[in-house]
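Okay, structure first, notes after.
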Amino acid sequence: MAEESVAKDSVTKVPAAHVPVVGRPFALVPERPGQQTAAGERAADDTTAATNDTPGLPDDPELRAYVHDYFAMTDALPFPSVVLDPGWGVAHANPAYDALFGGVGPHPTAMPDHNFLRFVLFHPEAASVLAEHETGWCLPLLAQFAEAFADDESAPGLRDIRREIADDPIMDAAFRLGLPHWVRSVGEAAVHHDGAVRQVRHPDPERGRTSCRLVVESPRTLRKFGLRRLTLVLRESEPAAARRGRAHLSVVPSR
143 MAEESVAKDS VTKVPAAHVP VVGRPFALVP ERPGQQTAAG ERAADDTTAA
193 TNDTPGLPDD PELRAYVHDY FAMTDALPFP SVVLDPGWGV AHANPAYDAL
243 FGGVGPHPTA MPDHNFLRFV LFHPEAASVL AEHETGWCLP LLAQFAEAFA
293 DDESAPGLRD IRREIADDPI MDAAFRLGLP HWVRSVGEAA VHHDGAVRQV
343 RHPDPERGRT SCRLVVESPR TLRKFGLRRL TLVLRESEPA AARRGRAHLS
393 VVPSR
């Protein structure tokens, strides 16, 4: 990460979502005891289910029903899919997402089922799942974070992440100095996830290392709450023998 980082005016603007809550705006699933919020604060040791008074949860019954149904649809997808809030907090993750990241070890602030940005930037095992971690995942997310932070430096979750970046001299230098050069080199399109093809290492040996296309979407109803869904459309892995055979034939002329 030492060779690259970002100036605020060098990245394509991502429209800021104006919602009052940065963290888990739809606590439809109870927090785990002692789990950390996206704002970097420890949640109370409360395993009770969310009630109608939960901050951010729609009061309108139709909206609540829509959110429940949207999450149910997300759960039915075969690909890893996660609903994120403006601070990259995980509002909902499907079983395929949990399976992809289920092997990573514990971390006090950067678990993938709680905040995706924190996981990418701060979890020491992120590269074990997200292949080509620095250029394919870390730098694009740093650039997105720089834009979000420039739009609202007062957001608690974003402010805490910026503080953690500053605490790491290498990452801080990358953030302040290297990212503008990287964005100029690769183009602004590389900053954004939607449509990008990136590499992952799936814990299922049947898949192993494979590519995925990232699809980002935010239906109008979710957009009201600043939510968007990120889906990793996994490609089918080819058997190693098949790859070697094709490479051999492309180099050695057949007679």
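To get our numbering, take the position in the sequence shown, counting from 1, and add 142. Virtual Cβ for every residue (Gly too), placed ideally from N, Cα, C. Nothing here was measured: the structure is a model prediction, and the numbers come from that model.
Check: Coil, strand or helix - residue 377 by DSSP; Outcome: coil
Check: Rounded C-alpha distance that separates residue 324 from residue 280; Outcome: 12 Å
Check: N-terminal and C-terminal residue of the beta strand (DSSP E) that residue 223 is part of; Outcome: 223 to 226
Check: DSSP three-state assignment for residue 256, whether helix, strand or coil; Outcome: coil
Check: Same chain only: Cβ atoms within 7 Å of residue 240, ignoring 5 sequence neighbours per side; Outcome: 255
Check: Burial state of residue 302 (16 or more Cβ within 10 Å); Outcome: buried
Check: Identity of the residue in 229, 234, 350 nearest residue 293 by Cα; Outcome: 229
Check: Length-filtered (4 minimum) alpha helix (DSSP H) runs lying within the region 261 to 308; Outcome: 268 to 271, 281 to 293
Check: Where residue 215 falls, given that 16 or more other Cβ within 10 Å makes a residue buried; Outcome: exposed
Check: Terminal residues of the beta strand (DSSP E) in which residue 356 lies; Outcome: 351 to 359
Check: Three-pair Cβ contact test at 8 Å for the region 339 to 351 versus the region 199 to 212; Outcome: no
Check: Cβ pair count under 8 Å reaching 3, the region 358 to 372 against the region 285 to 300; Outcome: no
Check: Own chain partners of residue 206 with C-beta closer than 6 Å, once the 5 adjacent residues on each side are dropped; Outcome: 200
Check: Three-state class that DSSP yields for residue 205 in the structure shown; Outcome: helix
Check: Residue 348 burial status per 10 Å Cβ neighbour count (16 or more: buried); Outcome: exposed
Check: Local Cβ density within 10 Å of residue 260, reported as buried at 16 or more and exposed below that; Outcome: buried
Check: Exposure of residue 331, with buried meaning 16 or more beta-carbon neighbours within 10 Å; Outcome: exposed
Check: Beta carbon of residue 246 nearer than 8 Å to that of residue 270; Outcome: yes
Check: Where residue 323 sits in the DSSP three-state scheme; Outcome: helix
Check: Distance, residue 236 Cα to residue 220 Cα; Outcome: 9 Å
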